[in-house]
Structures are given as C-alpha cells and as structure tokens.
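Have a look at the structure below, then the notes.
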C-alpha cells in the first residue's frame, strides 16, 4: 500500500514536517531504507544513523527533530507509531468471505458469510466462526468451538476442547489449543487417565505463537486473558490462568493450575511449577526456574552464568558442597572470634 | 451420559450411601458442583468444602464419610474413582467405523471396518489400522505403520518411521512420531546425514502429548514402554528407551540412546543428556539438568532458586568464584589451625 | 537396495578386502548385524565386538584391519563412510514428479514437472517448487515461497513469510518456517503488534527438525546458513542469523537478533538471549544459559549438578547466600591476617 506523508500523518494522528505529497510505500531501518521508505528513530542513541539514512521520511520524537534532515513524522512514541504505520502500509492479508471447495464444513457449524475457510480445513458441528475471521489451510476445529470476529488462524492449527476465542485473536501455524491436560490417577503403579472435560477461553486480542500448546481444563477452563501475547513453543497446562496483557517469550512452560497476573513479562525458557500464584506486574528473566509463588511485582531471575567448560567444571563440583562450605565459614568465624579474644 | 447413583456405584465397584435413584449427569469440584453433579474429596484437608457443596453426590473415603451431608460413593481411593467415574459420565467421542470421503487411503493399507479415518488424512501403503481406532483429521501415516485397536490419534498427527503403536494409545494433536533422528557424520567441517532407518515402538496404553516429538531410531528402534505418559512438547531423541508406566511432564528433552527406567516420574523442562541410564523408580523435579546416569531410585533435583534480579546478580557473579571460594576456605582453615596451635 | 562389496567400495571410493561378490542388503551395529548386513567400527575401543559380529562386512580403519575376521571396507573415517554407505543402501524415498489429485495448487505457482506434491497440500500463488523437490502430505506454502531443487518437506510442514529454501534442504514434520516474530510495541500497558514483514532464508543443505519453528524477520530476513542442522523443537526468533554448518540440538531457543557463528555445536535445551553475538567455532553444552556474547571459540557451559533432592535443598538455599558467603570469607581473611601479625 502507498500513502502520502500527509495521509499517513493524518491516519496516525501525528504531525508531519516536510513534503506532504511524498509517497511512502514501505518501512525499513534507518540503515536499510531506500527512497520511498519510512524509517523510525526509537531511541536518541541511534541519532548518528539519521545523517546517512536514505529513507524518504522518519518517525521521530520532537526532541530529535533537529537531527533529521529528511521528512519527519513527529510522534511522542516513535516505536509505537512505527508499529501502527507498518500495519497501514502492510495491511494483513485478508481473503474475502467464502469456503475453499476442499474444506469440510459440518452442517451444524455456523460460519459467517464474511469469514474465509481455506483449503483442507475441518469445521465440525457446533463450531461458530465470526465475521471476517480467517481460518488458514489445514486447520481442524473439531466441535463446539467459537472463533471471534476478525480472528486469524494461520495454517495447520488444531483447536479442540470446546475452546472459545475472542475477537482479533491471531494463532500462528501449528499451535494446538484445547488438547487434553496431563491428568492421571495412580492405580498401583499404572496411570488411569482423568478425562479432561474443561474448556479453554482466550480473550480478545490474544496472540498464540507457532507450535505453542494450550491444554483444556480438567474440570473448569484454562483461561488466557485479553491482550495476552504468547510466543512460539510455549506450553500452558490445564487450568492455568494468565492475566490480561501479559507477554510470554518462547519455550516457556507453565504447569497446571498456576495463576499468572496481569501485565507480566516472562522471558523465554522459563519454567513455572504448578499451583503457584504470580502477582500482577512481575517480570521474569529468561531460563528462570520459578518453584514458589511470587507475591510482589518486580524483576525476578535464577540461573548460573555461562563460562568456559573447564572453569565451569570446577565450580559445578563446588555447588554440591555449598552447604558444607557455609558451615565451614560459620565454624571459622567462631574459631577466629575465640582466637581474637584470646590474643 | 446420565447414570443413577446405584448404577455408578455398581460400575465403579464401590458402595454408595444415600438415594439410589439420584441421577448423576456430570462431574465438578466440591466448590463448583451444582445439582446433578458428582464431586470428590481427594484429601481430608479439603473436608471444609464438604459442608457447602451443592453436588448431588461425593466420592469419599470411609474415614471422611461422617463429614459428608449429601449422597456418597465410598471409595478406598477417591481420586482414582473420580477418574473412572468421569470416564463413565463422559465417554470418549468415538465415530462409528468408516472413512471420510476426503481422506486418502492407499490400496495397500489395511483399515479395520470398525476404525474411523477422518477428513484429509493420508493413510499410505502398508499401514494397518486396528479395530475401533480413531484417526483424526489431517493425520498423515506415510507407510508401514501399525496402529493398535482402540487407539486414538487426534488431529494433525504425523507418523513416520515404520512406527508401531500398541492398543489404546492416545496421541494428542500435532505430535510427530518417527521423524528422523539427529545423526550426522562430520566431513571436514560439513555434516553428512546418517539416514535414520530404525523404527519406533509404542507399547499399549501410551499417551503422547500435543506437539511432542519422538524420533525413529538410527539403526534399531526407539522404544516407549507400555503405559508411558508423555505430556506436551517433549522431545524424545533416537534410540531412547522409556520403561513401562513412566510419566514425563511437558517440555522435557531426552537425548539420544538414553535409557529411562520403569515407573519413573520426570518433571517438566528437564534435560537429560545422551547415552545415560536412569534406574527404575527415579523421580526428577522440574528443570533438572541430568548430566550423569542415576543408578538408584529416589528423588533428584538441580537448579537455582528464583530471587529478585538485583540480588540474583550478586549471587550470579559469585558462582564463577565458587572454586576459588572453596580454596580460600581451605586456606583459612589451615591458617586458623596453625594460629590456634600457636596461641 | 542390494550392492556387492566391490560395487559398494567403488561407490564409496574406498578399498575392500574379501569377497568382491558378497551381497550387502542392509546396515546394522556389530552386535545386531546378521548375514548380508554391513557394519562399522567407529572407534578402536569397540574392537572386542569384531570377533563376534555376524555382519558380512565391516567398514574399518586400516589400523583395525587385523582384528576383522570378515570382509572389510577400509576407510579413513569409518563413521563417515557408514553414513554414506547407509545412503546408498537405503536411498531416500522419492516419488516421481506429479501432483496428488487432492492437493491444491494455485495457478500462479510454479511447480517443476519433476517435483512431487502429496495429498492435501496447499501451494499458493508465487510459490516456486524446484526440480525433484518432494512436498509431503498436508504441507502449506502460503505464497511467494521458493523451495530449492531436491529439497524434501515431510508431512504437515507450514511455510510462510516469503521463505526461500535452498537446494537439498530437509524439513521434518510439523516444522513451521516463517511464522510471525514476537514483536510488539507497548501502548500504556497493552501490546500493539508490529507487523512482521521480513522473510526467512535457508541456505543449501539445511535440515530442520520436527516441530521446530523459525520466525520471519521483522524488517529484514532471518538467515540460516548453508549446511546448518537444527534438531527438533528448536525455536529461532526473528532476525536471528546462524552461520554455515552450525548444528543445534533439540529444545534450544535463540532469541531475537542474535547472531551465531559458523561451525558451532550447540547442545539441547540451551537458551540464548537476544541481540548477542556468538563467535565461529563455539561449542555450548546442554541446558546452558547464554546471557552474554561469546567472542572466542571454545567449549562453554553453565548449570548446576543433579543430586538427591534432600541434599540439593540444602545447597539450593545457600545459593541465595553466595554473595554474603564471599563477603564473610573476605572478612575472615582480613581478621586472620591481622591475627597472624599479632601472634
């Protein structure tokens, strides 16, 4: 899509400075942009790149305006405005309403006339697909699933477990929503499956990454709050609840029945054990092992530093001696105190 | 499904106490249950909830019977009985035998007349699908695969590598069984693929979680013992063997040729390196890094505690100094011993 | 495939010793091999198995030749020769060119006449499929994708994001290439998606494991160098670059914009945070947490040792006291020095 600088500024609700008719056709970084492209200065520390940019216009904060020698869009938050400008210049690919002839739609499904169902989908009985929703090729929605309006399921997504997705959700390829939770009762050493009969609820504007899995609840629902963003390869176990606008990076796993607060930011490869409570506004750095509830907002971490294997081996051995080392220090302190008194 | 209390008790092989004709239509927790629903008291510590439950009946141990004011099913293991009652009240969704017209079945495949093959499946030559097996939509079984009777593959499952699945297996959506193992020989800095020609064997009653991957063996088979339960997003490398009735939680990875014993319980996000042996009856807590074999049953762990990032940074730095700290303690002890003798 | 010893030796470019007409029909380990099978001795430490092997021939280094009592193929690197022999004896399963009638091919796609498109694929507009490429059942290539010649996509692979795959790539089932990167701008506590408009480039001879995910770049491309081998369940975030011939084991996650060098070997379950640089020739052991750039080749590690939970708990508590322990040691040293001077 091509837009003039004036029209872009108007759509983005910000002022511009320069040639109103300058035609913008794309977005790129300051270093990579060519003529016709829009760039952005997200932080003043990159001001040096402004002098050399070949961008036709730059989204910039008022305080950096003087350093910009090309057309400018003045924004209080240039990074946020870049996100919005990109959406205007690269609108999401939307099919007009219809059903691909190879898709299988159950008679007892309700697909809005404006929704698109792509090739080789299976839409089972009791499935409701809202207005303008886009169901990518190879998706399977078994039965009694609700997809909100303007939601987009990319290819090969599987939705089971009576899941309900809000409006404007985006589900990346290979994601599985509503698989059975991992619930078994022990019967003298063998496992008896506990049928998982709860559902899954995703609020509006939830994004689920590629190959991420979200289990249905055992009895009640697994609940993902509105605006939650989940990266790729995340595992959300049964009966987890995630508060609104929390973001979680890739490969993180959250065990059963744990409740995560609102507006949390959780790094990649984090493991959170089951039945915990994480407060609102908690940030957790990558690869942290969360084995107890976190009741106060703040920034939390665990883990050990990377070092050359030869050095690490020496420290690694000592980790098994830590408690003994602490006791030896205590004993030394006691002896030294005694010695000090005697001298 | 609706069953009377008397019929439920009879099917579950337990005694009941109360209205034999009370109709039970579902299962819920003590707090959430409404009239017509069955609940359970898995532990005496939740007895307080008994007084307020609106459940029509409760599965309960004899010792807690007196605290129950509604109909009761008396069970020696209420949680196990709850698992079985749930299966009776919510029978697995089974299609009657047949093949969806959009599925592609090779002439050289043998699909039992009582099995169901759903939409857009590919069942290749040499595939055998047993009685009452259910193959969900979008599944691909390339060739020379055997699926035991009463096994259920949910949607978008891929099975390659001459895999053989036992009876009553359940494979959640997106799982991949029989992908190539990660085997390469080095040729002066480039990698030459070692064709993976082994197979995969799953015993009876194995469950495989959503998006879990199990590689075929390099030469011989990868073997998953009967009754093994694998959660979501687990990676099982080539030639791994997992003993009967072992359960493994989500996101755990097991490297090539490692042998896991029977009746193990392995937490989530555990990493087990290759060519190890883990004894029967080993329990491993979440996020543990297993870098050596475990020869004795017991409960094993590794990892560091979560703390506020500011405090963690201080401790994190010290982990690289652990060996030096241990040497300094030893030196101090020597000096202090000498001093003590001199004073 | 069956080949005589002489023909095998000729194809592999190595000498043989024994019956030129001996027919070889398969490969197995020294212990498992039966008559007609070829085995290999990768390391002299397994020489003891040579005496008992029932293999009809063994690939062996010249230095071990005397210990071999059966036919021999003499190779400078027996393991590498085993890899190549296996490929000769078990050629990749290749369909002849064509399109399965259930596949959907857009009119604006270019599929080479020698390529094979299997059942229930969707090949969108602008997709180019090269000579002899094999696209497995259920694959979705949305649009503007290029697949190089002789590349093989196994079943249920999804490719989006204008991805370009080189020649001879192998993509295991369930892999997702070109999903949206995890990019959002914050707008007063809610997340605004940054449309991901970059692509993905895979060089020649790249292998991608089952259910591995590779995100498209935000603005420029995510780049996987030629000869890179990725195991299962790996997550590669947007704008990551991986140098040629690097191999990465399962469950590892690499956060956005990190650049990995050439000829690296990265273990399983490793987490590498974003915006780092890892030098060429770096080896990283399993489960390492890489939180800073690595500028020198070498072998790197982090992590804590597995031990009995009861002991681990005692050490685990001390990890929070490490900095204090270090300060106490320093204080002790100071006091002891003073005492030594006084005595």
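Residue numbers (my numbering), protein chains in the order written: chain A, 1 to 343; chain B, 344 to 686; chain C, 687 to 1029.
All residues carry an ideal CB built from backbone N, CA and C; glycine is no exception.
- Interface flag for residue 743(C) against chain B is unset, since no Cβ pair is found closer than 8 Å.
- In this structure, residue 213(A) lies near residue 236(A), with their beta-carbon atoms less than 8 Å apart.
- Rounded to the nearest whole angstrom, the C-alpha separation of residue 30(A) and residue 54(A) is 7 Å.
- In the DSSP assignment, no residue is bridged to residue 973(C).
- Going by C-alpha positions, residue 464(B) is about 26 Å away from residue 164(A).
- The beta carbon of residue 773(C) falls within 8 Å of a beta carbon belonging to chain B, placing the residue at that interface.
- Counting the other Cβ atoms within 10 Å of the Cβ of residue 772(C) gives 16 or more, which makes it buried.
- For residue 998(C), the closest Cβ of chain B is nearer than 8 Å.
- Counting only runs of at least 3 residues, the segment 838-926 of chain C fully encloses the following beta strand (DSSP E) elements, listed from N- to C-terminal order: 862-865, 870-873, 876-879, 886-888, 899-901, 908-910.
- Within the same chain, and ignoring the five residues on either side of residue 230(A) in sequence, the residues whose Cβ sits closer than 7 Å to its Cβ are 207, 208, 209, 212, 248.
- Residue burial annotation: residue 794(C) is exposed, with fewer than 16 other C-beta atoms found within 10 angstroms of its C-beta.
- Interface annotation for the segment 520-548 of chain B against chain A: 548, criterion Cβ-Cβ distance under 9 Å.
- Within the same chain, 460, 461, 462 come within 7 Å of residue 443(B) by CB-CB distance, once the 5 residues on both sides are set aside.
- Short of 6 Å from the beta carbon of residue 510(B), and not among the five residues preceding or following it, lie these beta carbons of its own chain, in chain order: 491, 492, 493, 547.
- For residue 303(A), the nearest CB of chain C lies under 8 Å from its own CB, placing it at the interface with that chain.
- In the DSSP secondary-structure assignment, residue 465(B) is bridged to 447(B), 483(B).
- Comparing C-alpha distances from residue 816(C) to each of 796(C), 825(C), 824(C) shows the shortest one belongs to 796(C).
- The contact set of residue 672(B) on chain C, defined by CB atoms closer than 7 Å, consists of 1015 in chain order.
- Within the same chain, and ignoring the five residues on either side of residue 455(B) in sequence, the residues whose Cβ sits closer than 8 Å to its Cβ are 440, 472, 473, 474, 475, 476, 492.
- Interface flag for residue 1004(C) against chain A is set, since a Cβ pair is found closer than 8 Å.
- Nearest neighbour of residue 940(C) by Cα position, chosen from 969(C), 726(C), 920(C), turns out to be 920(C).
- Chain-order list of chain C residues neighbouring residue 79(A): 871, 872, 880, by C-beta distance under 9 Å.
- If you check each beta-carbon in the segment 148-163 of chain A against every beta-carbon of chain B, the ones closer than 7 Å belong to 156, 158, 160.
- In its chain, beyond the 5 residues on either side, 345, 347, 379 have a beta carbon closer than 7 Å to the beta carbon of residue 366(B).
- DSSP places residue 643(B) within a strand segment (E or B) once states are collapsed to three.
- Residue state for residue 475(B) is assigned as coil, using DSSP reduced to three classes.
- For residue 1003(C), the secondary structure class from DSSP, reduced to helix, strand or coil, is helix.
- Residue 366(B) is bridged by DSSP to 347(B).
- For residue 993(C), DSSP records a beta bridge to 644(B).
- As the crow flies, the alpha-carbon of residue 528(B) is around 6 Å from that of residue 534(B).
- Taken through DSSP and simplified to helix, strand or coil, residue 336(A) comes out as helix.
- With 16 or more neighbouring CB atoms inside 10 Å of its own CB, residue 307(A) falls in the buried class.
- Taking CB atoms only, residue 683(B) has a neighbour in chain A less than 8 Å away.
- In this model, residue 20(A) and residue 11(A) are separated by some 13 Å (Cα to Cα).
- Residue 937(C) is not a Cβ neighbour of residue 960(C), given a cutoff of 8 Å.
- Here residue 319(A) is buried: its Cβ has 16 or more other Cβ atoms, across all protein chains shown, within 10 Å.
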